[in-house]
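K.L.:
In the UniProt record's numbering, the protein residues as written are 1 to 362.
1. Determine the contact status of residue 210 and residue 160, defining contact as a CB-CB distance below 8 angstroms.
2. Looking at C-alpha atoms only, which residue of 164, 242, 306 and 66 is the closest neighbour of residue 93?
3. Comparing C-alpha positions only, which one of 144, 172 and 145 sits nearest to residue 157?
4. According to DSSP, is residue 390 helix, strand or coil?
5. Could you give the DSSP three-state label for residue 167: helix, strand or coil?
6. Could you tell me the distance, in whole angstroms, from the CA atom of residue 135 to the CA atom of residue 52?
7. Given a cut-off of 8 angstroms, decide if residue 155 and residue 238 are closer than it, judged by their beta-carbon atoms.
8. What's the C-alpha gap between residue 180 and residue 192?
9. Where do the ends of the alpha helix (DSSP H) carrying residue 199 lie?
10. Considering only C-alpha positions, which residue in the set 204, 205, 206 and 235 is nearest to residue 219?
11. Which of the three DSSP states is assigned to residue 65 in this structure?
12. For residue 88, count neighbouring C-beta atoms within 10 Å of its own C-beta (all shown protein chains included) and say buried if the count is 16 or more, exposed if not.
13. Can you give me the C-alpha to C-alpha distance between residue 61 and residue 287, rounded to a whole angstrom?
14. Within its chain, find whatever has a CB closer than 6 angstroms to the CB of residue 190; leave out the 5 residues flanking it on each side and keep chain order.
15. Please tell me whether residue 175 and residue 152 are closer than 8 angstroms, where the distance is taken between their beta carbons.
16. Using the C-alpha atoms, what's the distance from residue 112 back to residue 202?
17. With a Cβ-Cβ cutoff of 8 angstroms, do residue 72 and residue 129 count as a contact?
18. Who are the near neighbours of residue 98 in its chain, counting only those whose CB is closer than 8 angstroms to its CB and skipping five residues on each side?
19. Which term fits residue 280, buried or exposed, when burial requires 16 or more other beta carbons within 10 angstroms of its beta carbon?
20. With residue 121 as the anchor, note down where its alpha helix (DSSP H) starts and where it stops.
21. Who are the near neighbours of residue 57 in its chain, counting only those whose CB is closer than 8 angstroms to its CB and skipping five residues on each side?
22. Taking 8 angstroms as the cut-off, decide whether the C-beta atoms of residue 150 and residue 194 are in contact.
23. What would DSSP say about residue 80, mapped onto helix, strand or coil?
24. So residue 292 packs on residue 299, CB below 8 angstroms; how close in whole Å?
25. Apart from the five residues just before and just after residue 167, which ones in its own chain have a Cβ nearer than 6 angstroms to its Cβ?
26. Take residue 122 as the anchor and find which of 55, 187, 289 and 91 has the nearest alpha-carbon.
27. Any heavy atom of the ligand SAH inside 7 angstroms of the beta-carbon of residue 206?
28. Quick check on this structure: which residue in 106, 74, 63 and 84 has the alpha carbon closest to the alpha carbon of residue 225?
29. My output table needs one value for residue 86: the three-state DSSP class, helix, strand or coil.
30. Between the alpha carbons of residue 306 and residue 205, how many angstroms are there, rounded?
31. In whole angstroms, what is the alpha-carbon distance linking residue 69 and residue 138?
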């Protein structure tokens, strides 16, 4: 089977031969595009990836070089929680008396997927990303993420253990990646990317963004559906905490939008017919919203598509099920220091000196 060459890979191949001082019209050879083997470009692409470059100081954390990554780590650290904090005392009553057989079947299969999936995410972090990335700030984040994924997996397993008392049925759910074909298909797709030696680091990042976002989004939504009905408070609260942990993808996408908008404003300083920097920035916000929804988050910008000529290739909008301001307690000491640093770097108006900040939204 021939290797598929996507438009983005075609563009990357063409740009390899492009000198910025020359006219692109002269340099781009469109007949040769698509004939490149993407796998052959991997060593060169990986060599250009800053996160993967050999770093003899990767064992030493300070001085912090990548402040954005470090702040993401500190925010994750501040959001720490354990499975013991979840109160399941009311859930069994709802499970036996307020859910029907079809609803119990649905919820049990959602939990079966969750219980195995976090272990697969950790497999990728342990075998690939943590070994490949040379930046100590990112390694800190991965290390903490591994611990939190363990807590997520423990929580989902505890929920199954609490609700399902029949040993055979319980084992069937715990072995879901072997016993339930649709869950097995998800697991096999994710594990294929873990063992893939041909794809670039960037491609595998996208793949696991899909695992964490798209594969999880419907399952998260199903549990929020229970919350809307006032059912299973322990399950729904644990889901709030876990979905909050996964929410950090929104911060990453919003930051990327700002960078892309700066590029477009610089590249398009003069208004063209039906095209200007303002409209292009709006379009980037529209695309970012669509990506956030696809990854299981709320829209951030609430932007509309300003380009009717792009409608034919745009994905249909999806209903958002998520209320992200949930389970919003945080470790106050850690977040106070993060807030203080953010304030010092901004307008320096309300720095908190390491204590509890009563302006925080808990």
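Ideal placement from N, C-alpha and C gives every residue a C-beta, glycine not left out. Predicted model, so just to flag it, every value in this text is computed and none were measured.
P.N.:
This is what the structure gives:
1. no
2. 164
3. 172
4. Because the chain spans 1 through 362 in this model, residue 390 falls outside it and cannot be assessed.
5. helix
6. 8 angstroms
7. yes
8. 18 angstroms
9. No alpha helix (DSSP H) contains residue 199, which DSSP labels as neither H nor E.
10. 235
11. coil
12. buried
13. 36 angstroms
14. 120 and 211
15. no
16. 29 angstroms
17. no
18. 231
19. buried
20. 101 to 124
21. 136
22. no
23. coil
24. 6 angstroms
25. none
26. 187
27. No copy of the ligand SAH occurs in the structure displayed, which carries no ligand at all.
28. 106
29. coil
30. 29 angstroms
31. 6 angstroms
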